[in-house]
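Numbering (the working numbering), first residue to last: 1 to 419. A quick write-up on the structure given underneath.
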Ligand SMILES: Cc1cc2nc3c(=O)[nH]c(=O)nc-3n(C[C@H](O)[C@H](O)[C@H](O)COP(=O)(O)OP(=O)(O)OC[C@H]3O[C@@H](n4cnc5c(N)ncnc54)[C@H](O)[C@@H]3O)c2cc1C
């Protein structure tokens, strides 16, 4: 990762403060324009991909992060993320996932490193399976294959799983896992390779100039000026824009555990077992293998409110006990599996669990990208592309991702959130 000197930052900041027509959103297209400068604050999955798409359009872009892409505080940190196309009736997300696959694959080619492993996903339902049922016509539209498996067949296929209480199972073929932290680092590196700059500093809004943001104040106290500012600060968006998002994005504490599989039992390795989701009163999911880290188990139930900067990331005893009890029930041969690693991360939940991609209502040259709500990583390549198009005035705003809809959005229930 290249660090940029103060002198280079100031040189890069030579952008004019004159209003750029495309930044106002009243021009349909500006084409490529290297005289305009976009500052993207936050190099997680959303900010990184937004910056990369802008750089590919030959827009001058500077990407900032307070602690580095995929750092341990970020929602994009950690080892792995699930990618899958099933999103209930929410076609918009299946489409974004569908568009993201080739972008992930192209990134792998650029960096010559595998980031995406297609393992398939086993869905196990002990409650109503409407979530998958509603997705079936959408999956068919996007050519994503799914098999319905009777529990009796599932038992034969996966003898390492105890299917007690499961009345329906599905195997989603086009699903897998992504390297999370590594992908963020690679996207950031790619931004620089494709003409952008990266600066490891925090940024917050600075002076206002007639309804436009004039500059951002960096953590070293200096000011950085660009034409357009994109804030993609995940769970920190609520603190950075307290009046607008303070009660619309709530970070919650989430725990992830990696258990050790028995030394001579390969049945829990990837290749032997797909990614799995246990869809019951709680939603618990896991990724076998996890790049040597162990058998990953996580509970999607929203935890308590969490401060992403100073929150205590010590895993809880209750969380470990709950994960262990679950393992003993669903994967009996792992009942006594040793805990190898654990980490505490946070979801950045929007009120209704949908993403946020919109212009700031009071700052016309400021865009906000966030609200990943525990499901955004997989589709970040396509979301970044959509963000770049909207910033360039080439694409209409998506009403479901607007900030305005959050004013009347109902608090999502646990299951509505499981998008
Ligand atoms: C435990 C867990 C499991 C998940 N599982 C999945 C999954 O299986 N599949 C999936 O698709 N999604 C999953 N998600 C959700 C997904 O990871 C997030 O939605 C996504 O990573 C959000 O990315 P982001 O860029 O918005 O936020 P972040 O990754 O948090 O990025 C924000 C960045 O901004 C930086 N920053 C903050 N403030 C400032 C500032 N003032 N100035 C400069 N930089 C700043 C931070 O350092 C950070 O790097 C999971 C999330 C968690 C926590």
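Don't be surprised by glycine CBs; every beta carbon is placed ideally from N, CA and C.
Which whole-angstrom value describes the C-beta separation of residue i and residue j, a residue pair presumed to lie in contact below a C-beta threshold of 8 Å?
i           : j           : result
residue 170 : residue 153 : Not really, about 12 Å apart at Cβ, beyond 8 Å.
residue 96  : residue 379 : 4 Å
residue 156 : residue 125 : Actually they are not in contact, since the Cβ atoms of residue 156 and residue 125 sit about 18 Å apart, beyond 8 Å.
residue 409 : residue 352 : 4 Å
residue 82  : residue 230 : About 26 Å separates the two Cβ atoms, so there is no contact after all.
residue 211 : residue 363 : 7 Å
residue 248 : residue 176 : The Cβ separation is near 32 Å, so there is no contact.
residue 252 : residue 302 : 4 Å
residue 182 : residue 115 : 7 Å
residue 93  : residue 101 : Contact doesn't hold; Cβ gap of about 13 Å is too wide.
residue 187 : residue 205 : At roughly 24 Å, the Cβ-Cβ gap does not stay under 8 Å, so residue 187 and residue 205 are not in contact.
residue 374 : residue 300 : 7 Å
residue 365 : residue 227 : 6 Å
residue 196 : residue 383 : Wrong, their Cβ atoms sit about 18 Å apart, outside the cutoff.
residue 142 : residue 98  : 5 Å
Could you check which residue in the options has the C-alpha nearest to that of residue i?
i           : options               : result
residue 263 : 285, 250, 229 and 336 : 336
residue 254 : 117, 347 and 375      : 347
residue 52  : 294, 213, 198 and 357 : 198
residue 298 : 59, 79 and 40         : 79
residue 355 : 366, 370 and 345      : 370
residue 60  : 394, 36 and 75        : 36
residue 268 : 296, 68 and 228       : 296
residue 323 : 283, 99 and 310       : 283
residue 220 : 200, 341, 196 and 260 : 200
residue 339 : 256, 103 and 178      : 256
residue 46  : 367, 412 and 404      : 367
residue 84  : 406, 333 and 285      : 285
residue 278 : 164, 58 and 63        : 164
residue 314 : 349, 287, 342 and 325 : 342
residue 232 : 142, 120 and 240      : 240
residue 119 : 361, 395 and 276      : 276
residue 280 : 106, 129 and 258      : 129
Taking 7 Å as the cut-off, is the beta-carbon of residue i closer than that to any non-hydrogen atom of ligand 1?
i           : result
residue 67  : yes
residue 167 : no
residue 113 : no
residue 148 : no
residue 236 : yes
residue 348 : yes
residue 256 : yes
residue 247 : no
residue 41  : yes
residue 204 : yes
residue 250 : no
residue 134 : no
residue 428 : Outside the displayed range of the chain (1 to 419) lies residue 428, so it cannot be described from this structure.
residue 199 : no
residue 81  : yes
residue 378 : yes
residue 196 : no
residue 260 : no
residue 303 : no
residue 345 : yes
residue 464 : The question about residue 464 has no answer here: the residues shown for the chain are numbered 1 through 419.
residue 374 : yes
Could you check whether residue j and residue i sit closer than 8 Å to each other, using their CB atoms as the reference points?
i           : j           : result
residue 145 : residue 174 : yes
residue 321 : residue 357 : no
residue 185 : residue 308 : no
residue 330 : residue 65  : no
residue 401 : residue 76  : no
residue 42  : residue 234 : yes
residue 56  : residue 392 : no
residue 104 : residue 288 : no
Determine, for residue i, whether the minimum Cβ-Cβ distance to residues of chain D falls below 8 Å.
i           : result
residue 192 : Among the protein chains of the structure shown there is no chain D, as only one such chain exists.
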